[in-house]
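According to this note's numbering, the sequence shown is numbered sequentially starting from 94. Just so you know, even glycine gets a beta-carbon here, dropped at the ideal spot from N, CA and C. What follows is a short report on a single structure.
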Amino acid sequence: MQQGILFHALYEEGQADSGNIDFYNVQTPLELTGALDTDLLRVSCGALVGRHASLRAGFLRRRSGEAVQAVARVVEPPWEEIDLSGFGQEELRPRLSRLLTEERARRFDMAKPPLLRFTLIRLAPDRHILLITNHHILLDGWSLPLILGDLFRIYGDGGTADRLEPTVPFQDYLGWVGEQDRDRAERAWKGVLSGVDGATLVADKAGTGSSDRGQRRVVTELSERTTTELTALARSRELTVNTLVQGAWALLLTELTGRQDVVYGNTVAGRPPELPGSDRMVGLMMNTVPTRVRIDPAEPVADLLARIQHDHTAVMGHEYLGLAEIHRAVGATELFDTTVAFENVPVERAVQGASVPGLDVGLLRDAVDEAFEGTHYPLSLAVHPGSRLRFELNYREDVYSADTASGVLRRLTGLLEDIAAQPDEPAGRLPSRTDAERHEILREASGHAVERPAGTLPGLFEAQVRATPDAVAVTDGTTSLSFSLLNADANRLARLLAARGVGPGDLVGVAVPRSADAVVAILAVLKSGAAYLPIDVDHPAARIAAICAEARPALVLAAVATVGDVPESVPALLLDETIPPADGTDLDDDDRTGALLPAHLAYVIYTSGSTGRPKGVAVEHRNLANMFHSHRANFFEPERARAGGRPLRAALTNSLGFDASWSQLLWMVAGHELHIVGDTVRKDSLALVRHAAQERIDVVDTTPSVARQVLDAGMFEAAGERHRVRVLALGGEEVGDDLWAELHGVPGLSVYNLYGPAECTVDAMLWHPGGSTGAAADPPAIGVPADNTRVYLLDAFLRPVPAGVVGELYIAGDGVARGYLGRPGLSAERFVADVFGPAGARMYRTGDLGRRRPDGVVEYRGRSDFQVKVRGHRIELGEIQAVLADHPSVGQAVAAVSADAEGVRRIVGYVRAASGERPDAGALREFVAGRLLRGGAGAAAYRCRRQLLRPRRRLHHLDAARGPRPPRRTRPHRQGRLRPQDHRQARRGGRGHRGGGPHGGGQFRHRAAAVAERCRTGGDHRRRTRADRRTASHPAPAGHALPRPAGRRRHRRLHRPGARTAGGATDARRAAQSVRRGSRPPHRAACLLPAPGIGPFRPGGA
């Protein structure tokens, strides 16, 4: 342990100008009452140092940098006398406290012994304080009573140590250590710590390094009754009280860290019983070694305690090994940042035994509690046995506040009280909760509880139609519909669906091109009573087929251009060939096949599945209605008021195949004007910026990565009279601190951060700091629960974690969906009983981690599983792994996320070849792309190297971090000319490219090559935005002709008036499939977003 303490001391010496505090300066203030011979006491202190060689040690550096201990033959300890007897009682205490603080802060020169000093403070003629300050490297807690006893025996003998028994040389211990089998000890520690998944840290950002602030101490005691009960329990179960404390600390760490496998530092005496006289040695023999405790929530507490004691006994013979050596042996740089020390030799008892005639000696406890001291660890617990167990918790001021530290200590003593009362209770049920505590948990977790009548989305929309019939409801740039016209069109189509037998309990797919007609179709499905099933025709055919096979829609609404992507086994209704009934009035339950209730399904959205099979989230009308009311109260109406009461223009930039589109559709339901942004524009940040200005868009809802692009593209810049977006809603990814700060620096921009999985109806939480002080400086948060929503932060045992501690997010309340369509087992796994809510309530386990701030706001802290977000796509790495493993050339597979130097995240697959096979990266990309969303197709695939394998030659997700990274390509290949594959590429080519100049076709060639290369390597448009801003001012040369996209003429022929087939949906499918085969480019297997760009999606959207 000396090596570790010396390292910190020497490091702090090198940082002397920083004002950092040496945590290992130890103070012992002794209160001396009675007649005191000051000169004799000073002589006795010198004799004490002369008696013990350990007190004369210093630490020097050789030229090689190696530190060595040197013992001076003779040394005079520093002595200082201070007189405070002239101050009154009120002034005396703060002066004394300040003096102790200043003395504690004075550093020792580690090369100049002795590393201790004595200060005698006179309070009154018969009352003094002897302050002994030493560096911890000299003495451990066991040694302190020994030297105090020696000091006052020397004082009683007139200042001489001649009558004391000879000391036991510390060198005897060093010799014993040198004789031990260190290889055996290293093997023992390797066995104890095998498989530990990272360090157990309560202060992950603070670490265990230096600080310019000290440690403070909070103290508490157990009652005599509880102490007696714990002692009796320990005796009856053949345990020690120390073991009970260690078990309570381990349980507390599970609550503080959310881990079930915890490691903490256990401070041991280090005095081997087989070494004669080890109990009388003065020096630093104690050691801090790791203690590992794996918590099984079903295991009785008494069995857990017995296991802890057994495991400790098994390594007792190896506790001499230094912590640095243990780190090296197990290949870790850090294992814990908390320690526990059970003081088996209380200082008070030794001090009381040191009294001499006419002089009472006691420990000045209150002064010790106020002086800052301890270790460099954020939390260090010292336990003092006695009739009342005493707990002293040292905490670093730069990590914990006094209130937080006191709360930690309260939870520890509460756990010990539970252990004493319920030793056979399962470990996962501790600590027990009182009714008052449960009420407080619900209060902290709950959003506003608002009583609203149950409703359905058609009812909400129709109420808005009656309020503003002539206002514009939706526009797609070509068609604009007022609320009354949109409602009438949806009613006519809904009546047609009802006439075909579609109603409540049915699913109707919608595969309509992105236009106002798509909104008509969605509303019509809901008005008929059926649930809306989005079918994105850009998805792989295999995925569409799998969704339709499981969901079994009664019908799919499609168009001639899209019906070819709908499986032939599913009935399709072509909207551009169908004439709906003339009756455009609202439907009631008599018009439907059955009554439409709030508990009926509103929509089913399919998301990524960890087994390779997508899962359909089934959302009811009551869920969607609650989201509408919450957004209207907390989002829509405040922004309407800020705009002077006028309706806002909200851009629909999300794919209609994602649940996040509802966050924008609900703006329309609330009476605002919905602008459907076309695919070409929404995937191009520069085009989106221009569109927002031209159409005077007020609201944009997108991902942080897209927000960065449009920010760089100038969306929020003031340029003359140009219209600027006034509301920005972020979702889908974690918001970076820099982006958050930049957005809050934009004058007049109202920024929201929305959070929620599809399973909790899109947005379960909302954060809008507005103009509050420090909004830009505070870390971005995911906010507070939506109305009628509860958000719990729980540990692995479903126990609430304290404020400031990371826990897993569980969401309950009116937004929790019904479950996964046709997947009762999976639904039961993720939708669990709400242990804090009313009977029958459920909560959804998100897999996200969060931390609740003292103000109640929740910050996002990553994932607890292998789900990731890449540019807004919610992706299960397990789904990608399952698909990769299905390829005949692959034996094992693992997927991971890789980020390049610019922070662009891409998915990379690592595979191990099947026997006799050689996997091809390109073929694997194509194979995966044909079965997954483009967002999960992956950027690259690598054959796995040997070092990525675990001992049993199994691939593991943690090993992928050591795998190869996809190469960074900053320039496209410029060899060869590429024809534009479709009209989007042709349009992009027309913008020109810097360097193309007058060389015919250069502009298009370079841009098209860039797109192709980007897509082949899994790139995105984050880099392109910056390049396009530089090159947008370089138009194509006059007369430059672009080649017509392949297949475009056929596409136009099919869609000109009178060219529709008469054979119905089946003929239309064949014709559309033919066109798509002729006009579409080869599938870009590695594109992480639909090429070319930036489709914005929210968490839970895919």
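Other residues of its chain near residue i: CB distance less than 7 Å, five sequence neighbours each side excluded
i	result
Pro893	Ile534, Tyr885, Leu886 and Leu887
Ala1155	Because Ala1155 carries a pLDDT of 34, less than 50, the predicted location of this residue cannot be relied on, and no value is offered for it.
Asp250	Arg256
Gly548	Pro691 and Ala718
Asp219	Thr126, Gly127 and Ala128
Asp684	Arg588 and Ala591
For residue i, the first and last residue of its enclosing alpha helix (DSSP H)
i	result
Ser473	Unbroken run through Ser473 is the beta strand (DSSP E), Leu472 to His477; no alpha helix (DSSP H).
Met936	Where Met936 is concerned, there is no enclosing alpha helix (DSSP H), although the beta strand (DSSP E) it sits in stretches over Arg935 to Arg945.
Thr350	Val334 to Thr350
Met720	His714 to His724
Ile769	It is not in any alpha helix (DSSP H) - Ile769 instead sits in the beta strand (DSSP E) that spans Glu766 to Ile769.
Pro731	Glu730 to Arg735
Phe418	Note that residue 418 is Glu in the sequence shown, not Phe. Glu418 -> alpha helix (DSSP H) spans Leu416 to Val423.
Asn580	Phe576 to Ala592
Phe554	Leu550 to Ala560
Glu835	Asp830 to His837
Buried/exposed call for residue i, threshold 16 Cβ in 10 Å
i	result
His541	exposed
Pro740	buried
Gln787	exposed
Gly1228	No answer is possible for residue 1228: it lies beyond the span of the chain, which begins at 94 and ends at 1195.
Met203	buried
Gln339	buried
Met378	buried
Gln402	buried
Gln974	buried
Met409	exposed
Arg1115	Caution applies to Arg1115, whose pLDDT of 41 falls short of 50 and renders its modelled position unreliable; the value that the coordinates give is listed next. Burial call: buried.
Leu1265	Here the chain has residues from 94 to 1195 only, and residue 1265 is not among them.
Asp276	exposed
Lys708	buried
Gln1068	For Gln1068, the predicted structure reports a pLDDT of 36, less than 50, and the residue's modelled location is therefore unreliable. The matter cannot be settled from this model.
Asn727	buried
Where the beta strand (DSSP E) containing residue i begins and where it ends
i	result
Val818	Where Val818 is concerned, there is no enclosing beta strand (DSSP E), given that its DSSP letter is neither H nor E.
Met858	Met858 to Trp860
Glu485	Arg483 to Arg489
Ala604	Leu600 to Ala604
Arg256	Note, Arg256: premise wrong, no beta strand (DSSP E); not H, not E.
Ile904	Val899 to Gly906
Gly955	Val951 to Arg956
Tyr625	Ala624 to Pro627
Residues of its chain near residue i, where Cβ-Cβ distance is below 8 Å and the 5 sequence neighbours each way are ignored
i	result
Ile247	Ser137, Ala140, Leu141, Arg144, Thr253, Ala254 and Leu257
Glu835	Leu804
Sheet register partners of residue i (DSSP bridge)
i	result
Ala215	The residue asked about is misnamed: residue 215 is Arg in this sequence, not Ala. DSSP, once it has assigned bridges, lists Asp176 and His221 as partnering Arg215.
Asp453	Thr126
Asp354	Arg387
Phe429	Thr293
Ile698	Val710
Val565	Ser575
Below-8 Å beta-carbon distance, residue i vs any chain C residue
i	result
Thr350	Although the question refers to chain C, the structure presented lacks it and comprises just one protein chain.
Cβ-based neighbour list, residue i, same chain, cut-off 6 Å, excluding 5 preceding and 5 following
i	result
Pro664	Leu648
Arg585	Pro673, Pro674 and Gly677
Phe890	Pro390 and Gly521
Val712	Ala695, Tyr696, Thr854 and Ala910
Ser754	Asn747
Contact test: residue i Cβ vs the ligand ADP heavy atom, cutoff 7 Å
i	result
Gln402	In the structure shown, the ligand ADP is absent, as is every other ligand, since no ligand is present at all.
Quiz item: Just checking, does the segment 268-281 make contact with the segment 470-478 on the three C-beta pairs under 8 Å criterion?
Solution: no
Quiz item: Should the segment 228-244 be called in touch with the segment 369-376, which here means at least 3 C-beta pairs below 8 Å?
Solution: yes
Quiz item: Are the segment 934-945 and the segment 899-910 touching, with three or more C-beta to C-beta distances below 8 Å?
Solution: yes
Quiz item: Using 8 Å as the Cβ pair cut-off and three pairs as the minimum, do the segment 831-849 and the segment 919-936 touch?
Solution: no
Quiz item: Given 8 Å as the limit, is there contact between the segment 598-614 and the segment 763-775, that is, 3 or more CB pairs closer than that?
Solution: yes
Self-check item: Three-pair Cβ contact test at 8 Å for the segment 505-514 versus the segment 309-329
Solution: yes
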